[in-house]
Amino acid sequence: MRVVAGKYRSRIITSGIRKNQKLLYRPTTDRARESLFNIISNVYDLEGKTCLDLFCGTGSVGIEMLSRGAAKVFFVDRNVNVIKSNRFRLGLESACVFQNDVLFFLRNFIRKSILPDLEYFDLIFADPPYKYNNYPLLIELVLKCGNLFILEHNDDYNPLAQFKRHIFLKRKIGKTIFTFFKIK
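Set out below in C-alpha cells:
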C-alpha cells in the first residue's frame with residue numbers, strides 16, 4: 002500500500018502483521034482511498050483540519066489526510082502496533098495514536114475526559130469490521146463529535162433508514178461503500 006497523493010505521496014504504508022498468511026486488517030484499498038479523497042476534495046477542504054480515524058488499523062486513511070494537508074489526525078484502534086510503526090517510519094509528527102475501544106473513546110470525548118480542549122473534529126472517518134454489529138450506536142456517538150463523518154461499510158449495513166436526515170452522499174467503489182454524514 003502507498004500514500005496516493007500529497008506530502009507523503011508514494012511512501013509505503015505497511016499493511017500489518019500476517020498470521021498464517023492471513024492479513025489481520027482489511028485496509029482500505031489504494032483505489033478506494035483515491036476515489037474517497039477525490040470525493041472529499043470536491044466537498045471539503047482538509048487544509049488545517051483536525052481529523053479522527055476510527056478503527057484505523059494501518060492508518061492509511063488518516064495518513065492520507067495528513068498527506069493532503071490536515072493539521073492533526075487522531076488514530077483510534079484496539080491494536081495500534083501497525084499504525085505506530087507507520088507513524089514512526091513516515092515521521093508523522095501530527096499523528097496522535099489512542100489504543101482504545103472506539104465506543105469508549107467517543108463516550109469519553111463527549112464527556113470531555115479525552116481531549117478536553119478540543120470542541121469537535123472537523124472530519125471523522127470510521128472503517129469498522131464489516132461484521133460489526135454496533136453501527137447505530139457508533140453513528141449516534143459520532144454525530145455528537147464532529148462536523149463531517151464518513152462511514153466505510155458494505156451492503157450488509159444500510160444507515161439510510163435510521164440516519165437519512167444526516168446523509169448527504171453515498172458512493173460505492175467495488176464492494177466498498179462510503180456514506181457521508183453532515184453533522185453541523
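When you line the sequence shown up against the numbering used here, it's residues 2 to 185, in that order. For each residue, glycine too, the CB sits at the ideal point set by N, CA and C.
Within 8 Å, strictly: CB atoms of residue i and residue j
i: Phe99; j: Phe75; result: yes
i: Ala71; j: Lys50; result: yes
i: Cys52; j: Asp123; result: yes
i: Gly58; j: Asp31; result: no
i: Ala33; j: Thr177; result: yes
i: Arg12; j: Leu91; result: yes
Start-to-end residues for the beta strand (DSSP E) that takes in residue i
i: Val74; result: Lys73 to Asp78
i: Gly63; result: That residue, Gly63, is in no beta strand (DSSP E); its alpha helix (DSSP H) goes Ser61 to Ser68.
i: Val98; result: Ala96 to Gln100
i: Ile13; result: Premise fails: Ile13 is in no beta strand (DSSP E) and is neither H nor E.
Residues of its chain near residue i, where Cβ-Cβ distance is below 6 Å and the 5 sequence neighbours each way are ignored
i: Phe126; result: Asp54, Val62 and Ile151
i: Phe181; result: Ile151, Phe169 and Leu170
i: Tyr136; result: Tyr158
i: Leu119; result: none
For residue i: DSSP bridge partner residues
i: Lys171; result: Thr180
i: Arg112; result: Answer is none; Arg112 lacks a bridge partner.
i: Ala162; result: DSSP lists no partner for Ala162.
i: Arg3; result: Ile13
i: Glu153; result: Phe179
i: Ala125; result: The identity of residue 125 in the sequence shown is Ile, whereas the question assumes Ala. Ile125 is bridged to Leu53 and Phe150.
Beta-carbon separation (whole angstroms), residue i vs residue j, contact threshold 8 Å
i: Leu47; j: Ile40; result: About 12 Å; that fails the 8 Å criterion.
Residues of its chain near residue i, where Cβ-Cβ distance is below 8 Å and the 5 sequence neighbours each way are ignored
i: Arg108; result: Leu142
Boundaries (first-last residue) of the alpha helix (DSSP H) holding residue i
i: Asp31; result: Asp31 to Val44
i: Pro137; result: Tyr136 to Val143
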